[in-house]
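Chains as they are written, first to last, in the working numbering: chain A, 1 to 277; chain B, 278 to 516.
Following this line, the structure appears as structure tokens:
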């Protein structure tokens, strides 16, 4: 038997825990073929079909970070990279709720590591998987003439980490507080689609401003808008400080709420227990 | 020192009192059966011990470590088999166990011999590369038990571990856990199946959140009465 009093969790043990959680998330993603394929096909469908259809309808004038006129496909590519992270963030966090009635979460939560650390590990694991997906998407998109500068592929990495963390943290908040979101269709209708369509992913905000002022302001406050703009600027070797700050702000807010939500006795666990024995 | 000590524990979901002034201990090497019908409060009690909910009133400690004040030390000595299946069906047996070991800070090199040892003890070492989906219900349960033991806990909690299993798998699980007790591990085994409490076990009868009895099985089932007679009498009286 282990002498727990002698047990000490050094940095090595924390690293093993993080590595184990990331390994599991990656294996699950690879094993669940449907999830793997749909994660890749979804943005490509948008790029190949949707963007092609709107190619001649929507021209995008010169606006930062672009230095020339760009075709519509080029405009929406960063938005689709963000979309991958949005889906992934919701999916990996909410999987804790509907995967076999929280079984996997119970396993995670009885680990002796601090709960905030476990939540951050879970979040980082989801982000790691989403970043791999984004790079696969960008590699395929290259053949559709989405060719940002080579340095942009490196510069976008920290932007993807930040946006992935923020969207994953949002998923954690939803999974801890909202009881009704027990199937992915509900999340699609009430979270993913509204966030995606009221963002700068499909059309620049100045166009939205011309069409409807309330929707413009909604888009300005939409965290997803700033995640997409952060990715867009980074991919073209620029930095958007406002978006970076807004994404950081939302990340702190969502993470704080998630830690409260997963505190024993409060949030999800206590309320869910109401239905139990 | 008690492996598990629960004292004056009460818990409510809103106005509904689920546990009322519950106190008991499990000593190292004890096979303690928590006997109660569905809805008795067994799963809530397990959720409080494992910190899935926090204790509102009362105290819970594992080998002297309060689960609220020193959760890390308490949880590190605890192995749990939950009522619901919690294995990843798409991962292999070994991958599931490595994941669990990492949640206790084990490196793959440190976990590997422990995993092999536990899988050998449950007779599934040769299935370690198979996906969990390919295993039978009884085999999955055995893997869950092996997983709970990978980090060498000193206290084992099992919540209705034999539900849905055939007779052979039930016997295997019971025998294996009794052997663990002989090796010094304290066990709390929650069930509604009276015949799982052997003569050498201690029985705690939980009914509507109250403890109605806490005594050795042999004492509760004094002939000619059986344990079932005694359980029926106690729960009828409480109702």
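Just so you know, even glycine gets a beta-carbon here, dropped at the ideal spot from N, CA and C.
Exercise. Could you spell out where the beta strand (DSSP E) holding residue 460(B) opens and where it closes?
Key: Note, residue 460(B): premise wrong, no beta strand (DSSP E); not H, not E.
Quiz prompt | residue 272(A) in three-state terms, based on DSSP | solution = Low local confidence applies: a pLDDT of 49 at residue 272(A) is under 50, so the model's placement there is unreliable, with the coordinate-based value given in what follows. The answer is helix: DSSP assigns residue 272(A) an H, G or I state.
Quiz item: Looking at residue 63(A) and residue 223(A), is the spacing between their C-beta atoms short of 8 angstroms?
Solution: no
Exercise. In angstroms with no decimal places, state the Cα-to-Cα distance between residue 152(A) and residue 108(A).
Key: 36 angstroms
Self-check item: Cβ of residue 359(B) within 8 angstroms of any chain A Cβ
Solution: yes
Quiz item: Between the region 151-172 of chain A and chain B, which residues of the former have CB atoms less than 9 angstroms from a CB of the latter, in chain order?
Solution: none
Quiz item: Are the region 480-492 of chain B and the region 297-313 of chain B touching by the rule of at least three beta carbon pairs closer than 8 angstroms?
Solution: yes
Practice problem: Kindly list, in the order they appear in chain A, the residues whose Cβ is closer than 7 angstroms to that of residue 423(B). | Solution: Residues of chain A passing the Cβ test: none, with the nearest at roughly 14 angstroms.
Quiz prompt | Option in 65(A), 29(A), 74(A) and 32(A) with minimal Cα separation from residue 47(A) | solution = 74(A)
Practice problem: Return the first residue and the last residue of the beta strand (DSSP E) that residue 489(B) is part of. | Solution: 487-493
Exercise. Could you round the C-beta distance between residue 382(B) and residue 233(A) to whole angstroms and report it? I think they count as a contact, below 8 angstroms.
Key: With 8 angstroms as the limit, residue 382(B) and residue 233(A) do not qualify as a contact, their Cβ atoms being about 39 angstroms apart.
Quiz prompt | residue 336(B) (DSSP reduced to helix, strand or coil) | solution = strand
Practice problem: Could you check which residue in 72(A), 117(A) and 226(A) has the C-alpha nearest to that of residue 160(A)? | Solution: 226(A)
Quiz item: Mind checking if residue 19(A) is an interface residue toward chain B, Cβ cutoff 8 angstroms exclusive?
Solution: yes
Quiz item: Does any residue of chain A bring its CB to less than 8 angstroms from the CB of residue 365(B)?
Solution: yes
Quiz item: Where in the region 299-353 of chain B do unbroken runs of the alpha helix (DSSP H), each at least 4 residues long, occur, reported from the N-terminal end onward?
Solution: 319-326 and 348-353
Quiz item: Based on the DSSP secondary-structure assignment, which residues constitute the bridge partners of residue 21(A)?
Solution: The partner list for residue 21(A) (beta bridge, DSSP) is empty, contrary to what the question assumes.
Quiz prompt | Residue-level contact to chain B via CB, residue 225(A), 8 angstroms cutoff | solution = no
Quiz item: Cβ of residue 279(B) within 8 angstroms of Cβ of residue 294(B)?
Solution: no
Exercise. State the Cα-Cα distance for the pair residue 480(B) and residue 328(B), rounded to the nearest angstrom.
Key: 24 angstroms
Practice problem: Could you check the C-alpha separation between residue 386(B) and residue 401(B) for me, to the nearest Å? | Solution: 20 angstroms
Exercise. Take residue 230(A) and list the residues in its own chain whose beta-carbon comes closer than 8 angstroms to its own, dropping the five residues that flank it on each side.
Key: 159, 162, 163, 240, 243, 244 and 247
Quiz item: If we call anything under 8 angstroms between Cβ atoms a contact, is residue 65(A) one with residue 175(A)?
Solution: no
Quiz prompt | Assigned exposure category for residue 69(A) - 16 Cβ within 10 Å defines buried | solution = exposed
Self-check item: Per-residue burial, residue 21(A) [other beta carbons within 10 Å of its own, 16 or more giving buried]
Solution: buried
Self-check item: Coarse secondary structure for residue 436(B), derived from DSSP in three states
Solution: strand
Quiz item: What span of residues does the beta strand (DSSP E) with residue 356(B) cover, start to end?
Solution: 355-358
Quiz item: Going along the chain, which residues of its own chain have a beta-carbon closer than 8 angstroms to the beta-carbon of residue 50(A), five neighbours each way excluded?
Solution: 76
Self-check item: Residue ranges of each alpha helix (DSSP H) within the region 383-431 of chain B, 4 or longer
Solution: 385-398 and 414-426
Quiz prompt | Whole-angstrom distance between residue 409(B) and residue 296(B), CA atom to CA atom | solution = 35 angstroms
Practice problem: Can you grab the Cα-Cα spacing for the pair residue 389(B) / residue 200(A), in whole Å? | Solution: 49 angstroms
Quiz item: Of the residues 28(A), 79(A), 89(A) and 190(A), which one's Cα is nearest the Cα of residue 170(A)?
Solution: 89(A)
Quiz item: Which one or two residues does DSSP pair with residue 483(B) in a beta bridge?
Solution: 488(B)
Practice problem: Using a cut-off of 7 angstroms between C-beta atoms, extract the partners of residue 13(A) located in chain B. | Solution: 382
Quiz item: Over what stretch of residues does the beta strand (DSSP E) that includes residue 48(A) continue unbroken?
Solution: Residue 48(A) -> no beta strand (DSSP E), and no H or E assigned at all.
Exercise. Measure from the alpha carbon of residue 424(B) to the alpha carbon of each residue in 86(A), 110(A) and 37(A), then state which is nearest.
Key: 110(A)
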